[in-house]
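What follows is one structure encoded as structure tokens, with my remarks underneath.
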Amino acid sequence: MSSKWFNSFYKILADSPLHKWLEVLPGQIADWQQHQHGEFAKWQRLLDKLPQTEPSCLQLQDQVRFGSASDISEYQQKQIEGLLKQFMPWRKGPFYIHDIHIDTEWRSDWKWDRVSPHISDLTGRHILDIGCGSGYHLWRMLAQDPKLVVGIDPTALFLIQFQAIKHFNPDPRIHLMPVGVEHLPALNAFDTVFSMGVLYHRKSPIEFLQQLKAQLRPGGELVLETLVVEGDENTVLMAGDRYAQMRNVWFLPSTAALTVWMQRIGFKDIKVVDLDQTSLEEQRSTEWMTGQSLQDFLNPEDINKTIEGYPAPLRATIVATI
344 MSSKWFNSFY
354 KILADSPLHK
364 WLEVLPGQIA
374 DWQQHQHGEF
384 AKWQRLLDKL
394 PQTEPSCLQL
404 QDQVRFGSAS
414 DISEYQQKQI
424 EGLLKQFMPW
434 RKGPFYIHDI
444 HIDTEWRSDW
454 KWDRVSPHIS
464 DLTGRHILDI
474 GCGSGYHLWR
484 MLAQDPKLVV
494 GIDPTALFLI
504 QFQAIKHFNP
514 DPRIHLMPVG
524 VEHLPALNAF
534 DTVFSMGVLY
544 HRKSPIEFLQ
554 QLKAQLRPGG
564 ELVLETLVVE
574 GDENTVLMAG
584 DRYAQMRNVW
594 FLPSTAALTV
604 WMQRIGFKDI
614 KVVDLDQTSL
624 EEQRSTEWMT
634 GQSLQDFLNP
644 EDINKTIEGY
654 PAPLRATIVA
664 TI
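The opening position of the sequence shown corresponds to residue 344 in this note's numbering, with each subsequent residue numbered one higher.
Shown next, in the form of structure tokens:
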């Protein structure tokens, strides 16, 4: 099954400005397949059990909704819901599959609503989303009729979740590859590159920004969303062992400091287009993600601070070109 997903993408790459990727990607995927997550084979078997349906509607403009309950039997609806719950936790969404509401931890639609007014039209573009998770934003990008939209994320469960959603809308223009940004050659070919919620997880943020730049064609656009702190161009927070209970958080710059970093490596037209403190309504535990969430990571006596005493999560979106 997974070989079919990847082979169809290779054929698309061959006739695209991204054809150089074929020099390394098949080998990287072959290596990934040899070191799969222990649950991957089971997840694939569960995917195969999803019934074939004919969704009466495919909505992407305001939400990701495929089909309605009236398209299928009550048994099929219970079957689909039961199978999709085998792929918990669902973190990025929400999705609506034949009126089954996958109520994810994050209201990723709120983030998209903040970001989308500030980006260039995606029509006819080749788009890359780095650290795309289960691919929610890929579907919202697809609404603008791009030539190709590709997400990368090395987490096996996210690939399974993406393929579970794609089962109900097998559009050939949308793909997810289970690789990290460090595996990408310098393609210099994407029209738009998104990176939302990744920068602060990288030990070397400057190197990461250079990797983003190396994927863009001349004149291409970067859409960068990341955690920041308030302050001037010299302000950068490096948290201790944890930040909001996350171990893998490294550098949280101010927007002014981040702008300096981006200027130093050659980004232009740098604009901070949105600044938003994450609310308890935007990130929370649900029936589809039953573990701890933001409420558990903030100081119960002052939700403007994390449980460790740092400023609560503040997210900035920056748009720039090269």
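Yeah, the Cβ is synthetic: ideal placement off N, Cα and C, and Gly gets one too.
In three-state terms, what does DSSP make of PHE533? In the sequence shown, residue 533 corresponds to position 190, counting from 1. In this structure, PHE533 counts as strand in the three-state DSSP scheme.
List the whole-angstrom C-beta distance separating ASP612 from ALA557, where the pair is believed to meet the contact cut-off of C-beta under 8 Å. Reading the sequence shown from its first residue, position 269 is the one you call residue 612. Reading the sequence shown from its first residue, position 214 is the one you call residue 557. Wrong, their Cβ atoms sit about 18 Å apart, outside the cutoff.
Alpha carbons only, please: which of SER359, SER346, GLU366, ASP358 is nearest the one belonging to PRO528? Counted from its first residue, the sequence shown places residue 528 at position 185. Per the Cα distances, GLU366.
GLY467 versus PHE537 - alpha carbon distance: Taking the first residue of the sequence shown as 1, we reach residue 467 at position 124. Taking the first residue of the sequence shown as 1, we reach residue 537 at position 194. If I take the Cα positions, the gap works out to 16 Å.
Name the one or two DSSP bridge partners that LYS435 has. As a working note, residue 435 is residue 92 in the sequence shown. In the DSSP output, where bridge partners are listed per residue, LYS435 has TRP449.
Identify the continuous beta strand (DSSP E) that holds PRO548 and give its terminal residues. If you number the sequence shown from 1, residue 548 lands on position 205. Here PRO548 belongs to no beta strand (DSSP E); instead the alpha helix (DSSP H) covers 548 to 556.
Any 3 or more C-beta pairs closer than 8 Å across the segment 564 to 576 and the segment 473 to 492: no
Is the beta carbon of PRO398 closer than 7 Å to that of GLY410? Within the sequence shown, residue 410 is the residue found at index 67, counting from 1. Within the sequence shown, residue 398 is the residue found at index 55, counting from 1. Contact flag set, yes.
Using three-state DSSP, classify ILE508 as helix, strand or coil. Counting from one through the sequence shown, the residue named residue 508 turns up at place 165. Residue state, collapsed to three classes: helix.
Keeping to the same chain, check which residues put their C-beta closer than 7 Å to that of PHE511; ignore five residues upstream and five downstream. Reading the sequence shown from its first residue, position 168 is the one you call residue 511. Hits under 7 Å: THR396, PRO398, PHE409, GLY410, ILE440.
Limits of the unbroken beta strand (DSSP E) element including ARG658: Residue numbering aside, residue 658 sits at position 315 when the sequence shown is read from its first letter. Per DSSP, ARG658 belongs to the beta strand (DSSP E) from 657 to 664.
Starting from MET520 and walking both ways along the beta strand (DSSP E), at which residues does that stretch end? Translated into positions along the sequence shown, residue 520 becomes position 177. Segment 517 to 520, the beta strand (DSSP E) holding MET520.
Would you kindly check if the distance between the Cβ of ALA600 and the Cβ of GLU624 is under 7 Å? Translated into the one-based positions of the sequence shown, residue 624 becomes position 281. Translated into the one-based positions of the sequence shown, residue 600 becomes position 257. Against a cut-off of 7 Å, the Cβ pair of ALA600 and GLU624 comes out as no contact.
Does SER459 come out as helix, strand or coil in the three-state DSSP assignment? Counting from 1 along the sequence shown, the entry for residue 459 is found at position 116. SER459: helix per DSSP, three-state reduction.
Measure how close the beta-carbons of LEU401 and ALA507 come, nearest whole angstrom, since I'm counting them as under 8 Å. As a position in the sequence shown, residue 401 is number 58, starting the count at 1. As a position in the sequence shown, residue 507 is number 164, starting the count at 1. Not a contact, Cβ separation roughly 16 Å.
Where GLY563 sits in the DSSP three-state scheme: Walking along the sequence shown from the start, residue 563 turns up at place 220. Three-state DSSP puts GLY563 in a strand.
Do you know whose CA, among GLU382, ASP442, ILE665, GLY609, lies nearest ASP414's CA? Position 71 of the sequence shown holds residue 414. Checking every option, the nearest Cα to that of ASP414 belongs to ASP442.
In this structure, does DSSP put ILE650 in helix, strand or coil? On the sequence shown, residue 650 is found 307 positions in, with the first residue counted as 1. Correct three-state label for ILE650: coil.
Closest to TRP449 by CA distance: which of ARG434, SER459, PHE533 is it? Stepping through the sequence shown from its first residue, residue 449 is reached at position 106. Comparing Cα-Cα distances from TRP449 to each of ARG434, SER459, PHE533, the minimum goes to ARG434.
Segment limits, beta strand (DSSP E) that includes PRO596: Taking the sequence shown and counting its residues from 1, the one referred to as residue 596 is at position 253. Run containing PRO596: 594 to 596, per the beta strand (DSSP E) assignment.
Ordered list of alpha helix (DSSP H) runs contained in the segment 461 to 507, each at least 4 residues: 479 to 485
DSSP beta-bridge partners of HIS614: Stepping through the sequence shown from its first residue, residue 614 is reached at position 271. It is worth fixing the name first, because residue 614 is Lys in this sequence and not His. The partner list for LYS614 (beta bridge, DSSP) reads VAL662.
Answer with buried or exposed for ILE549, where buried requires no fewer than 16 other C-beta atoms within 10 angstroms of its C-beta. Residue numbering aside, residue 549 sits at position 206 when the sequence shown is read from its first letter. Looking at its Cβ environment, which holds fewer than 16 other Cβ atoms inside 10 Å, ILE549 is exposed.
Grab me the residues of THR598's own chain with a C-beta within less than 8 Å of its C-beta, minus the 5 sequence neighbours each way, in chain order. Within the sequence shown, the letter at position 255 stands for residue 598. Contacts found: VAL571, VAL615, LEU618, ALA659, ILE661.
When you compare the CB positions of LEU580 and LEU565, do they come within less than 7 Å of one another, or not? Here residue 580 corresponds to residue number 237 of the sequence shown, with the count starting at 1. Here residue 565 corresponds to residue number 222 of the sequence shown, with the count starting at 1. Against a cut-off of 7 Å, the Cβ pair of LEU565 and LEU580 comes out as no contact.
Express the C-alpha separation of ASP645 and LEU491 in angstroms, rounding to a whole number. Mapped onto the sequence shown, residue 491 falls at position 148. Mapped onto the sequence shown, residue 645 falls at position 302. One C-alpha to the other measures close to 44 Å.
Under a three-way DSSP split, which group does ILE372 fall into? As a position in the sequence shown, residue 372 is number 29, starting the count at 1. In the structure shown, ILE372 sits in a helix (DSSP, three-state: H, G or I).
Determine the direct distance from the alpha carbon of PHE551 to that of TRP593, and round the result to whole angstroms. Position 250 of the sequence shown, counting from 1, holds the residue named residue 593. Position 208 of the sequence shown, counting from 1, holds the residue named residue 551. Distance between the alpha carbons of TRP593 and PHE551 is about 12 Å.
Between LEU637 and the rest of its own chain, which residues show a CB-CB distance below 7 Å, the 5 nearest in sequence each way excluded? Mapped onto the sequence shown, residue 637 falls at position 294. Taken in chain order, the residues that qualify are THR621, LEU623, GLN626, ARG627.
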